[in-house]
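Residue numbers (this note's numbering): 12 to 396. So the structure is just underneath, and the comments pick up after that.
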């Protein structure tokens with residue numbers, strides 16, 4: 012792994028503003044930002060201390076870098092290190108974290124740093140939204156999925172046995188600081204899972220970006236980063252953040268356009284819930300399968316072409332990603348998955364909302380024939396591996 016000096020060579024920093032009136036903030040994207048993070052958070056702190064919520068793997072790989080950066084900026088830090096995995100987004104873990112933060116003496120004038128992937132960001136953000144009726148927090152996402160999606164836009168929450176993210180709040184961070192070098196220690200499976208959310212931005216309304224990914228995915232996914240691949244990775248992540256910032260600024264609370272960012276998620280969340288959030292399937296893996304299922308549904312409804320469905324499947328397979336439910340190491344049943352969908356946040360008047368369409372043209376649809384959904388689920392469960 013390169014040393015800190017290498018991280019800061021050829022450092023390109025992109026700033027993406029998210030315009031939300033008095034709750035506006037910047038998303039910073041670059042290499043080496045973690046090593047100089049004090050420069051970017053000190054102006055936001057009401058007092059020179061932070062409460063850091065992270066998980067064990069992130070602490071092991073990146074904790075010393077953040078510690079050194081905070082010490083050099085004379086910022087005191089209290090650390091709260093949790094287990095990795097979707098199971099951490101639970102009532103029990105939320106209660107434990109909240110009580111530990113209160114026991115440590117957190118005050119309204121303090122700031123929480125969410126230092127990790129989407130699970131940490133969602134849980135720490137929800138704790139920040141509810142403790143003392145609201146504490147400032149800053150996102151420092153360390154996974155590809157969190158960098159391009161979950162750290163931006165203020166969605167926070169926890170899971171329940173009834174479904175994913177059913178308890179939470181819209182609560183915006185004060186800043187998002189994305190150091191792409193944290194991806195250098197990310198396991199390939201996690202990188203692949205995050206890439207599903209990258210592709211999503213091309214599918215919902217940006218076919219040119221999907222074409223760009225078909226040509227440049229190798230640089231985005233490369234484990235060995237040289238100057239060129241670093242710049243292309245920054246370009247991809249920044250593009251995703253700009254797209255999400257534009258959508259969130261127009262529809263912060265998901266009354267319309269922002270719902271399109273859930274492409275594949277109705278299907279994917281059902282898979283996660285059926286697997287019990289036990290790590291059998293990662294969120295991004297479920298979303299990838301869910302996006303293929305959404306394209307398949309659209310194809311059967313006549314709004315997507317077989318050619319484009321196959322194009323996305325081919326792209327995912329090139330990277331080694333799962334594309335069907337048959338690749339999940341768990342017995343699955345179409346009817347059980349459908350029942351999970353009825354607990355989705357997008358259900359209205361008892362009807363499930365599905366994000367459907369073709370490459371570059373997603374729309375929300377209610378009242379989709381459930382027999383078509385059952386058929387798509389059945390075929391995905393029994394697809395050849």
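Glycine included, C-beta positions come from ideal geometry on N, C-alpha and C. Note that this is a predicted model, so its numbers are computed, not measured.
Measure the beta-carbon distance from residue 185 to residue 282 and round it to whole angstroms, keeping in mind my assumption that it falls under 8 Å. Position 174 of the chain shown, counted from the first residue, corresponds to residue 185. Position 271 of the chain shown, counted from the first residue, corresponds to residue 282. By a beta-carbon distance limit of 8 Å, residue 185 does not contact residue 282. Their separation comes to about 34 Å.
Alpha-carbon spacing of residue 97 relative to residue 86, whole angstroms: The sequence position of residue 97 within the chain shown is 86, counting from 1. The sequence position of residue 86 within the chain shown is 75, counting from 1. Put simply, the backbone Cα of residue 97 is about 30 Å away from that of residue 86.
Are residue 38 and residue 187 closer than 7 Å when you measure CB to CB? Start at 1 with the first residue of the chain shown, and residue 38 comes out as number 27. Start at 1 with the first residue of the chain shown, and residue 187 comes out as number 176. Their beta carbons are under 7 Å apart, which means residue 38 touches residue 187 by this criterion.
Closest residue to residue 222 among 115, 323, 126 and 57 (Cα-Cα distance): As a position in the chain shown, residue 222 is number 211, starting the count at 1. The alpha carbon of residue 222 has as its nearest neighbour, out of 115, 323, 126 and 57, the alpha carbon of 323.
Under the rule that 16 or more other beta-carbon atoms within 10 Å means buried, what is residue 239, buried or exposed? Position 228 of the chain shown, counting from 1, holds the residue named residue 239. Residue 239 comes out exposed.
Check whether the Cβ atoms of residue 140 and residue 150 lie closer than 7 Å to each other. Walking along the chain shown from the start, residue 140 turns up at place 129. Walking along the chain shown from the start, residue 150 turns up at place 139. In this structure, residue 150 does not lie closer than 7 Å to residue 140 by Cβ.
Specify, as a first and last residue, the run of the alpha helix (DSSP H) that residue 352 falls within. Taking the chain shown and counting its residues from 1, the one referred to as residue 352 is at position 341. Under the DSSP assignment, residue 352 falls in the alpha helix (DSSP H) whose first and last residues are 345–352.
Taking residue 321 as the reference, give the member of 285, 313, 311 and 303 with the closest Cα. Along the chain shown, one-based indexing puts residue 321 at 310. Residue 321 has its Cα closest to that of 303, out of 285, 313, 311 and 303.
Between residue 92 and residue 202, what straight-line distance do the alpha-carbon atoms span, to the nearest angstrom? Position 81 of the chain shown holds residue 92. Position 191 of the chain shown holds residue 202. In this structure, the straight-line span from the alpha carbon of residue 92 to that of residue 202 is close to 22 Å.
Could you check which residue in 148, 42, 53 and 29 has the C-alpha nearest to that of residue 63? Sequence index remark: in the chain shown, residue 63 carries index 52 (1-based). A check of alpha carbon separations from residue 63 across 148, 42, 53 and 29 identifies 148 as the nearest.
Using beta-carbon positions only, say whether residue 191 and residue 245 come within less than 7 Å of one another. Residue 191 sits at position 180 when you count from the first residue of the chain shown. Residue 245 sits at position 234 when you count from the first residue of the chain shown. Note that the C-beta distance between residue 191 and residue 245 is below 7 Å.
Going by DSSP, which residues form a beta bridge with residue 372? For the purposes of this step, residue 372 is taken as residue 361 along the chain shown, with counting starting at 1. According to DSSP, residue 372 bridges with 369.
Straight-line CA distance for residue 346 to residue 382? Counted from its first residue, the chain shown places residue 346 at position 335. Counted from its first residue, the chain shown places residue 382 at position 371. Taking the straight line from one Cα to the other gives about 10 Å.
Can you tell me where the beta strand (DSSP E) holding residue 48 begins and where it ends? What you label residue 48 is simply residue 37 of the chain shown in a count that begins at 1. Residue 48 -> not in any beta strand (DSSP E); alpha helix (DSSP H) instead, spanning 48–52.
Nearest-angstrom Cα distance between residue 314 and residue 233? Indexing the chain shown from 1 puts residue 314 at position 303. Indexing the chain shown from 1 puts residue 233 at position 222. About 34 Å.
Could you tell me the alpha carbon to alpha carbon distance between residue 176 and residue 127, rounded to whole angstroms? For the purposes of this step, residue 176 is taken as residue 165 along the chain shown, with counting starting at 1. For the purposes of this step, residue 127 is taken as residue 116 along the chain shown, with counting starting at 1. Roughly 18 Å between the two C-alpha positions.
In angstroms with no decimal places, state the Cα-to-Cα distance between residue 19 and residue 228. Taking the first residue of the chain shown as 1, we reach residue 19 at position 8. Taking the first residue of the chain shown as 1, we reach residue 228 at position 217. Low confidence applies here, because residue 19 scores a pLDDT of 46, under 50, leaving its location unreliable and the question unanswered by this model.
Classification of residue 143 by the beta-carbon crowding that lies within 10 angstroms, buried from 16 upward: By one-based count along the chain shown, residue 143 stands at place 132. Burial call: exposed.
N-terminal and C-terminal residue of the alpha helix (DSSP H) that residue 192 is part of: Looking up residue 192 in the chain shown gives position 181. Here residue 192 belongs to no alpha helix (DSSP H), and DSSP marks it neither H nor E.
Helix, strand or coil at residue 164 according to DSSP, with G and I counted as helix: For the purposes of this step, residue 164 is identified with residue 153 of the chain shown, where counting begins at 1. In the structure shown, residue 164 adopts coil according to DSSP, grouped into three states.
Along the chain, where does the beta strand (DSSP E) that runs through residue 228 open and close? In the chain shown, counting from the first residue as 1, residue 228 sits at position 217. Counting along the chain, residue 228 falls outside any beta strand (DSSP E), though it belongs to the alpha helix (DSSP H) covering 218–232.
Excluding the 5 residues preceding and the 5 following residue 83 in the sequence, name in chain order all residues of the same chain whose CB lies nearer than 7 Å to its CB. The sequence position of residue 83 within the chain shown is 72, counting from 1. Excluding sequence neighbours, residue 83 sits near 49.
Using three-state DSSP, classify residue 308 as helix, strand or coil. On the chain shown, position 297 is the one that residue 308 refers to. Note: residue 308 maps to helix in three-state DSSP.
Residues that DSSP places opposite residue 150 in a beta bridge: Here the question's residue 150 lines up with position 139 in the chain shown. For residue 150, which the question treats as bridged, DSSP gives the partners 125 and 187.
Using 10 angstroms around the beta-carbon of residue 121, count the other beta-carbons present and answer buried if the total reaches 16, otherwise exposed. Along the chain shown, one-based indexing puts residue 121 at 110. So residue 121 counts as buried.
Sort out for me which residues DSSP pairs residue 29 with in a bridge. Translated into positions along the chain shown, residue 29 becomes position 18. Residue pairing by DSSP places residue 29 opposite 36 in a beta bridge.
Could you have a look at residue 96 and say whether DSSP puts it in helix, strand or coil? Taking the chain shown and counting its residues from 1, the one referred to as residue 96 is at position 85. Looking at residue 96 - three-state DSSP - the assignment turns out to be coil, as it is neither helix nor strand.
Counting Cβ pairs, one atom from each stretch, are 3 or more of them under 8 Å apart for the region 245–255 and the region 338–356? The region 245–255 is not in contact with the region 338–356.
Are there 16 or more other CB atoms within 10 angstroms of the CB of residue 318, so buried, or fewer, so exposed? Sequence index remark: in the chain shown, residue 318 carries index 307 (1-based). It counts as exposed.
Rounded straight-line distance, which links the Cα of residue 300 to that of residue 333: Residue mapping note: residue 333 aligns to position 322 of the chain shown, counting from 1. Residue mapping note: residue 300 aligns to position 289 of the chain shown, counting from 1. Their Cα atoms are separated by approximately 6 Å.
Counting only the same chain and skipping the five closest in sequence on each side, list residues whose C-beta sits under 7 Å from that of residue 26. The count along the chain shown starts at 1 and reaches residue 26 at position 15. Result list for residue 26: 37 and 39, in chain order.
Cβ neighbours of residue 394 in the same chain (closer than 7 Å, five flanking residues each side left out): In the chain shown, the residue the question calls residue 394 occupies position 383. The residues are 335 and 337.
Tell me, please, which residues DSSP counts as bridged to residue 91. The sequence position of residue 91 within the chain shown is 80, counting from 1. According to DSSP, residue 91 bridges with 64.
Measuring CB to CB, does residue 170 end up less than 7 Å from residue 288? The count along the chain shown starts at 1 and reaches residue 170 at position 159. The count along the chain shown starts at 1 and reaches residue 288 at position 277. Taking C-beta atoms as the reference points, residue 170 and residue 288 count as a pair closer than 7 Å.
Compare the beta carbon distance of residue 129 and residue 157 with 7 Å and say whether it is the shorter of the two. On the chain shown, position 118 is the one that residue 129 refers to. On the chain shown, position 146 is the one that residue 157 refers to. Judged by their CB atoms, residue 129 and residue 157 are nearer to each other than the 7 Å cut-off.
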